[in-house]
Structure formats: structure tokens, C-alpha cells
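With the sequence shown counted from 1, adding 24 to any position gets you this note's numbering. Beta carbons are placed, not taken as given, at the ideal position from N, Cα and C, and that holds for glycine. See structure below.
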Amino acid sequence: MSDTIIKPKVATVWLGGCSGCHMSFLDLDERLLELADKIQLVFSPIADVKVFPQDVDITLVEGAVTNDENEEMAHTIRKNSRYVLSFGDCATTGNVTAMRNRFTEKELIDRSYRELSDICNSVPNDFTLIAKLREQATPLHHVIRVDAFLHGCPPTPDEIWFAMNELLQGRIPIFNTQFLRYG
25 MSDTIIKPKV
35 ATVWLGGCSG
45 CHMSFLDLDE
55 RLLELADKIQ
65 LVFSPIADVK
75 VFPQDVDITL
85 VEGAVTNDEN
95 EEMAHTIRKN
105 SRYVLSFGDC
115 ATTGNVTAMR
125 NRFTEKELID
135 RSYRELSDIC
145 NSVPNDFTLI
155 AKLREQATPL
165 HHVIRVDAFL
175 HGCPPTPDEI
185 WFAMNELLQG
195 RIPIFNTQFL
205 RYG
């Protein structure tokens, strides 16, 4: 008989955002070692895994849903995750990523591929190399059901640590005044 301990499977995903939430996650510093003892990291931009796995216990999702690939990934995450945490302000509110919503898709594409191009000012038309933009960048919970929200741009390492420990205990994190920001 094996003494293998089954650790909770954890994933982190980066949709339409800046990766600041993942940088804050890495700022857990020595607590990353403690977390590594408690979990099995099964998918993340900081790990070389290409396909989102099944039966994930906790998934932290950074970034707004901005294109078709993000939307498909969001549905894959929800289908395969017990808990989904909307990770940071882009995922929870759209934040900076949603600033593009005041422009049409055509205006965004023209500005990016025609006006600002130094070499080739052609617009993609088959969307095989890049994902097709959605009409609006939206918070994650507008696309899938989310179990908990972790605000911040980015959330602090202490907030991430608290959320992870709560989720690992099977509790939905509730942020009280110790995590409120002022000013």
C-alpha cells in the first residue's frame, strides 16, 4: 500500500490582462514553498502545460474575457474546476482591459494593424494566428459562474495567501476590513 498523499490540483490562468496578478502570486516568496507542499500545480503560465486538465480543485483566473480563445478557455475552466476564483480587477470588473470597450472592434483593429504599423499595415482576416476579439472585454463572471472574487490591481500576496488557504480548506474566502484598501 502506498503512502502517497493526494494534493489538491490547482491551476492559474492568464486571460486578457497584464500578468500583474501572477507576478503578485510569485511575490508570495517563501510562502510559495509552503504552498507547493500543499498543492499540485497542474496548469499555469508559469508551468509548461498546454492543455487544461480535468478535475481541478481550484483555478485562479486573471484577466478579462477579451477574445474567442479567452471565452473558450473560460468555459473549459468552469467545466473542469471545483472552485473558480476571479483573480484581480481585470477578471472581477474588466478594469484597464475594458477601457477598449469605448471603441468598436474595427477601430481597435485599424489602429493596431494599420495606423500604428511600421512594416506591414494589413488587417488579419482569417483569425488562425490571432484570436478574434469579442465585441466587449468583460469580467469573467459575465461569461461563467465564479465562486469567489479577489479584487486588486494586483491583489497583494497576503490577499492571495488568504484566498488560497481558505479555498484549500473548502471555504469561500470572505474579505473583511483587514483587506480593504483606502486612498
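Annotated as proximal: Ala115 and Val85, with beta-carbon spacing under 7 Å. Gln64 is bridged by DSSP to Lys33. Residue pairing of Val75 in beta bridges, as defined by DSSP: absent, with no partner found.
By the Cβ rule, the region 176–190 does not count as touching the region 133–151, because fewer than three pairs are nearer than 8 Å. DSSP places Phe111 within a strand segment (E or B) once states are collapsed to three. Per DSSP, Ile82 is not a residue of any alpha helix (DSSP H); the beta strand (DSSP E) it occupies stretches across 80–86. With a contact defined as Cβ atoms closer than 8 Å, Gly118 and Thr162 qualify at about 6 Å. Measuring C-alpha to C-alpha distances from Tyr107 to each of Val80, Ile63, Gly87, Glu95 identifies Val80 as the nearest. Beta bridge pairing from DSSP links Trp38 with Glu86. Per DSSP, Ser136 has no beta bridge partner at all. Spatial neighbours of Val34 in its own chain (CB-CB distance under 6 Å, excluding positions within 5 residues in sequence) are listed in chain order as Ile63, Leu65, Ile82. Looking at the DSSP output, Asn91 bridges to Leu157. Counting only the Cα atoms, Asp92 lies some 6 Å from Ala155.
Sequence-distant Cβ neighbours of Asp53 in its own chain, meaning closer than 8 Å and more than five residues away, are Pro181. In the structure shown, Leu174 adopts extended strand secondary structure according to DSSP, grouped into three states. Scanning Ile198, Ala60, Cys45 for the CA closest to the CA of Gly112 turns up Cys45.
Leu174 has its alpha-carbon roughly 11 Å from the corresponding atom of Ile196.
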